[in-house]
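Just so you know, we're using our numbering here: the sequence shown kicks off at 1 and counts up by one. One structure is given below, encoded as structure tokens.
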Amino acid sequence: MKYVFIIAEAGVNHNGSIELAKKLINVAVESGADAVKFQTFKAENLVSKSAQKAAYQKETTDNKESQFDMIKKLELDVNTHKELMAYCEEKGIMFLSTPFDHESIDMLNELGLKIFKIPSGEITNLPYLRHIGSLNKEVILSTGMADLGEIEDALDVLTTAGTDRDLITVLHANTMYPTTMEDVNLKAMQTIGTAFNIAYGYSDHTLGIEVDVAAVAMGATVIEKHFTLDKTMEGPDHKASLEPDELIAMVNAIRNIELALGLSIKKPSKSEIPNVEIIRKSIVASCDIKQGDILTEDNITVKRPGKGISPMRWDEIVGTVALKNYEADELI
């Protein structure tokens, strides 16, 4: 049974095109991800006209363009949301979108969004957190740039506003695109889970897939990863996203690790039980032994197969009397 919820983060990699968005949904479906996620915002509600771009955005988009102008082109209106949600339902994948303002929260709630993803940038936005908390929906909270105190404050706001704590999963994250390995700090993910006794996961902005696989091995129940049709496309996030074959490889690797983790009980697996008699050893005669001889370290030894007396009983057998004749290599 699958227990890691994998979010294929399309984000704004649709470049404002509904056809491109549908192609991204197709890729997410083919990869085996559980959900495909976009971003919902009104540029006027999100950034001021004078807001600067992040350094990585300046490198991947037109340097003369403001942050406002950049994201204005990436808005998805309500009808586009409806069309994409219907397309996701048709394709059998969950539609998700991150709201960045109050108007967007209300729109997604009215459209019946099942899970609300809170991005790292809103973790200190009390009115925003209170608004989402009041919905009592499932919440996934990203924590890029945050320390434990800020995570605690955000959780308090969400739960006080009305969201059951069991509905919240906290994601460790780093907001640099791409994140360098020395900045991943993956052990902090487990610190979050332990500190707040809460489900945890990882929102990844590294270039590869190995950190996502490691996160699953360390107990992540949610993995979020950006993907694109082509890393060379124009736009702020394409460069730090996985291409379709990489997304497929990541999902396959995670599903394999899920299977490999198994249960906490240490016992022989069903497939290896037949190996017990073949690979383990028994006490055998090291030479011909006559009935009545004393069994000693000189006339018995340990060899395969494991059908006879276990070598763990060696001390019990040494010093006893042979009850029959034995040939060399015969099981005692």
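Even glycine gets a Cβ: it sits at the ideal position worked out from N, Cα and C.
What are the boundary residues of the alpha helix (DSSP H) that includes H102?
102-110
Quiz item: Per DSSP, Q39 forms a beta bridge with which residues?
Solution: T98
Check each candidate in N125, K49, K82 and name the one with the smallest Cα separation from D69.
K49
Could you pull out every residue in the same chain whose Cβ sits closer than 6 Å to the Cβ of S203, ignoring the five residues on either side in sequence?
S142, L171, A173, E224
Self-check item: S269: first and last residue of the uninterrupted alpha helix (DSSP H) it sits in
Solution: That residue, S269, is in no alpha helix (DSSP H); it is neither H nor E in DSSP.
Cβ pair I317, S282 closer than 8 Å
no
Based on DSSP bridge pairs, tell me the residues matched to T169. I140, A199
Review point. Going by beta carbon distance, what residues of the same chain come within less than 7 Å of C287, once the five residues before and after it are set aside?
Key: N299, A328
Notebook entry, point to check: Going straight from the alpha carbon of E246 to that of K22, what length do you get?
Noted result: 19 Å
> Bridge partners of T301, per DSSP?
Replying inline: V284
Under three-state DSSP, which class holds T232? coil
### Task
Look at the alpha carbon of S97 and the alpha carbon of G208, and state the distance between them as a whole number of angstroms.
23 Å
- Check whether the Cβ atoms of T206 and V184 lie closer than 8 Å to each other. yes
On the DSSP letters alone, give me the boundaries of the alpha helix (DSSP H) that H14 sits inside. Where H14 is concerned, there is no enclosing alpha helix (DSSP H), given that its DSSP letter is neither H nor E.
>> So the candidates are V211, G162, D166; which of them puts its Cα closest to the Cα of M181?
In response: V211
(message) DSSP has F68 in a bridge; who is on the other side?
(response) According to DSSP, F68 bridges with nothing at all.
Beta-carbon of D288 versus every beta-carbon of chain B: anything under 8 Å? Given the protein chain composition of this structure (a single chain), no chain B is represented.
Quiz item: For I257 versus A199, is the C-beta spacing smaller than 8 Å?
Solution: no
When DSSP labels each residue in this structure, what does E224 get in the three-state scheme? strand
Self-check item: Cβ neighbour criterion (16 or more within 10 Å) applied to G292
Solution: exposed
What residue range is occupied by the uninterrupted beta strand (DSSP E) comprising I115? 115-118
Exercise for review: Please go through the same chain and pick out, in chain order, the residues whose beta-carbon is closer than 7 Å to the beta-carbon of N45, but skip the five residues on each side of it.
Suggested key: D101, E103
Among L167, K187, G144, whose alpha-carbon lies nearest the alpha-carbon of M176? G144
Notebook entry, point to check: Could you check where the alpha helix (DSSP H) with K307 kicks off and where it finishes?
Noted result: No alpha helix (DSSP H) contains K307, which DSSP labels as neither H nor E.
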